[in-house]
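Numbering (my numbering), first residue to last: -10 to 111. By construction, the Cβ of each residue, glycine as well, lies at the ideal position given by its N, Cα and C atoms. Given the structure is predicted, the values throughout are model-derived calculations rather than measurements. These notes concern the structure reproduced below.
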């Protein structure tokens, strides 16, 4: 359970935000919000978010032909070729504001991989 002393240290704005997060009416008085939150099993510290870290190690494979993603009826504004671990080149179309050296995420056979833009053809 949340400690009343911890809640009393929070500003009105922080109390209201915490109340909203946990389904307590935020327009109550500070004392009422504190009482309701105290009854709940609520942690005052920020929740820890789980982040999946994808390995950027290059897999040792033979070079494969370039995979091209394009929409049939749309001409490219910019063609970006990026090198990724498993696929030699990926061509992206209609990518605005992308420059050499930018880090991009690309979908390769259903797997999202990080890639660095090596060449931009405009």
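{"Asked": "DSSP state of residue 100 mapped onto helix, strand, coil", "Found": "strand"}
{"Asked": "Rounded straight-line distance, which links the Cα of residue 88 to that of residue 18", "Found": "52 Å"}
{"Asked": "Residue 106 burial status per 10 Å Cβ neighbour count (16 or more: buried)", "Found": "buried"}
{"Asked": "Straight-line Cα distance separating residue 24 from residue 11", "Found": "13 Å"}
{"Asked": "C-alpha gap between residue -7 and residue 16, whole angstroms", "Found": "19 Å"}
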